[in-house]
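The next block holds one structure in the form of structure tokens; read it before the comments.
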Amino acid sequence: MVCLGNICRSPLAEGILRHMAAQKHLNWEIDSAGTGNWHVGDPPDARSVKVARQHGIDISGLRGRQFNAGDFDTFDRIYVMDLDNYRDVLRKARNDADREKVQLLLEHQQPVPDPWYDDALFEPVFNLIHNACERIVNQ
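By full-length UniProt numbering, the letter at position 47 of the sequence shown is numbered 47, and the numbering carries on one by one without gaps.
Given below as structure tokens:
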């Protein structure tokens, strides 16, 4: 799961997908990262922690990290939150196999809105990510 800073959307997506995968006893390695390095080592935004906790998911122990080319070797799929993240991740792709792993989290090329500047977006963003993660585990 990849967003810009790895403190709002992608840690939510990591936490939600981990929670769902555990409920279905799926042995998946799930992680999140940011395309930027501003929040490496930082915990998720308190608003993301709060909305996740309200839904029974604890993401408080996650820490930000930056996406790197080695992630293409570690993960089968790389879900990004918006087109900027998509382009940034593709720039690190080394070949067609890497590029084929990258896709937007939401269907139909829809971005997951960045709630950083609008507290009211955290719940709707949680719901968008939740629905996308539900689709992933059911596939």
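Virtual Cβ for every residue (Gly too), placed ideally from N, Cα, C. Bear in mind that the values here come from a model prediction, so they are computed numbers and not experimental data.
Using the rule of at least 16 other Cβ atoms within 10 Å of the residue's Cβ for burial, across every protein chain shown, is Gly41 buried or exposed?
As a position in the sequence shown, residue 41 is number 41, starting the count at 1. Gly41 is exposed by the Cβ-count criterion.
Is Ala13 near the ligand GDP, in the sense that its beta carbon is under 7 angstroms from a heavy atom of that ligand?
This structure lacks the ligand GDP, and indeed carries no ligand of any kind.
Let's test the definition: count the other Cβ atoms within 10 Å of the Cβ of residue 228 and tell me whether it reaches 16, buried, or not, exposed.
For the chain, the structure presents residues 1 to 139; residue 228 sits outside this window and is missing.
Is it buried or exposed for Tyr117, if we count other Cβ within 10 angstroms and need 16 for buried?
Working through the sequence shown from its first residue, we reach residue 117 at position 117. So Tyr117 counts as exposed.
Distance, Cα to Cα, Leu83 vs His25?
As a working note, residue 83 is residue 83 in the sequence shown. As a working note, residue 25 is residue 25 in the sequence shown. So the alpha carbons of these two residues sit roughly 32 angstroms apart.
Using DSSP's beta-bridge definition, name the partner residues of Gly34.
Here residue 34 corresponds to residue number 34 of the sequence shown, with the count starting at 1. Cys3, Gln66.
How is Gln103 classed by DSSP in three states: helix, strand or coil?
Sequence index remark: in the sequence shown, residue 103 carries index 103 (1-based). DSSP places Gln103 in strand when its eight states are reduced to three.
Just checking my contact of Asp71 with Ile78 at CB under 8 angstroms: how many whole Å lie between their CB atoms?
Residue numbering aside, residue 71 sits at position 71 when the sequence shown is read from its first letter. Residue numbering aside, residue 78 sits at position 78 when the sequence shown is read from its first letter. Their Cβ separation, rounded to whole angstroms, is 7 angstroms, which keeps Asp71 and Ile78 in contact under 8 angstroms.
According to DSSP, simplified to helix, strand and coil, what is Pro136?
Against the sequence shown, residue 136 aligns to sequence position 136. Residue identity check: residue 136 is Ile in the sequence provided, not Pro. Note: Ile136 maps to helix in three-state DSSP.
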